[in-house]
Amino acid sequence: MKRSSAQGIQARDAPGRKAVPWQADGVPVTRQQIADYLASLQARGCVEGSVKKYSRDLTLFYDFLPDGKEITRSTLEEWRAELLAHGYAPRTVNAALSEANGFLEWLDLRKYQLVGQLDIGDDVQPELTRTEYLRLLSTARALEKRRTYLLVKVFACTGLSLQELPRLTVEAVRDNRLIVTSNGLRQILHIPASLQDDLTRYIHRMGLVSGPVFVSRNGKPINRTAVTAAIQGLAQDARVPPEKCNPRCLRKLYQSTMAGIEAGVQLLVEQTHERLLEQEQLTVGWEEVNEP
1 MKRSSAQGIQ ARDAPGRKAV PWQADGVPVT RQQIADYLAS LQARGCVEGS VKKYSRDLTL
61 FYDFLPDGKE ITRSTLEEWR AELLAHGYAP RTVNAALSEA NGFLEWLDLR KYQLVGQLDI
121 GDDVQPELTR TEYLRLLSTA RALEKRRTYL LVKVFACTGL SLQELPRLTV EAVRDNRLIV
181 TSNGLRQILH IPASLQDDLT RYIHRMGLVS GPVFVSRNGK PINRTAVTAA IQGLAQDARV
241 PPEKCNPRCL RKLYQSTMAG IEAGVQLLVE QTHERLLEQE QLTVGWEEVN EP
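For the sequence shown, the positions run 1 to 292 when the UniProt record's numbering is used.
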């Protein structure tokens, strides 16, 4: 897959835009600047749905930035690599980068933009099979990688997204559910009993009392890049293609599994209803009488 490096373009002053202090090594950005940019899009007549999508993607971009929240010449290229590692399709990555480029354009930070797009080809998202999923679990267990084992299970058994992982707390495990927000809608995810048992043992083993279940040594929620790297670390031993070993593909496996179960249940409902109607027809059906 061909990638282009970031190219600098001479910046110029633009009235009415948020001023950004220039630094040699990087430029800090803020959530307020993102909010102001989104407001400017609305003022220019951008539709609400598009503004919401820009908001989600730019928030994801902001969360990716290091602690100082500074942008450098390599930032967008690094973000692109992370999105691909997390399993996002090239078309989705291109769209997210385009939105980030637009934000940097508005800030007059053109030299930090990333020029060029990924070749989307057929843009087919790789799909993880349940057999491959079970091999990932078996490998993590054989290698005694308990946390990675649980991460694989969490994404595949709950449909939780990587961004929502910090919401999986000690309290959520105890209550057997966690509350997430999807496309602006509040959603309750059920934690299966077998997974709850595994997580409870892990919580006791780690001495956790409250807060996120998966944390780093300093007690902060585990870095998303580290999550994906841990899962991809199972690929070779599990004989699963690396591009399938990420939270996104595990979540997609959950969604396809649930869709298959729901389709089977719906078919069973229809068949049961049909048999009920047939029984009623035998009892009170309107029988035609052949007259001579």
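Positions of the beta carbon are idealized from the N, C-alpha and C atoms, including for glycine.
Sequence-distant residues of its chain with Cβ nearer than 8 Å to residue i (five each side left out)
i	result
Glu105	Gln113
Endpoints, alpha helix (DSSP H) assigned at residue i
i	result
Ile34	Arg31 to Ala43
Leu150	Arg146 to Thr158
Glu99	Pro90 to Trp106
Ile231	Arg224 to Gln232
Lys52	Glu48 to Phe64
Val284	Pro247 to Val284
7 Å Cβ shell around residue i - same chain, five flanking residues per side excluded
i	result
Gln42	Val51
Glu82	Phe64 and Thr225
Glu99	Tyr54, Asp57 and Leu58
Buried/exposed call for residue i, threshold 16 Cβ in 10 Å
i	result
Gln7	With a pLDDT of only 32 at Gln7, under 50, the local geometry of the prediction cannot be trusted, and no value is derived from it.
Ile179	exposed
Gly16	Because Gly16 sits at a pLDDT of 42, beneath the cut-off of 50, its placement in the model cannot be relied upon, and the following sentence gives the value as read from the coordinates. Per the 10 Å Cβ criterion, exposed.
Met1	In this prediction, Met1 has a pLDDT of 38, which is less than 50 and means its spatial position is unreliable; what the coordinates show is noted afterwards. Exposed: under 16 other Cβ atoms inside 10 Å.
Val47	exposed
Gln33	buried
Thr148	buried
Val269	exposed
Spatial neighbours of residue i in its chain, beta-carbon cut-off 6 Å, leaving aside the 5 residues before and after
i	result
Gly87	Asn246, Arg248 and Cys249
Leu128	Lys244, Cys249 and Leu253
C-alpha gap between residue i and residue j, whole angstroms
i	j	result
Val265	Arg56	34 Å
Asp197	Val209	16 Å
Lys145	Leu151	10 Å
Pro166	Val154	12 Å
Trp79	Gly233	20 Å
Val284	Arg275	14 Å
Ser256	Val27	42 Å
Arg31	Tyr62	8 Å
Val215	Pro221	4 Å
Leu160	Asn218	24 Å
Ile191	Thr228	21 Å
Arg135	Ala172	28 Å
Val170	Glu77	35 Å
Cys157	Leu195	8 Å
Ala235	Pro242	5 Å
Glu280	Ile261	29 Å
Thr200	Arg174	8 Å
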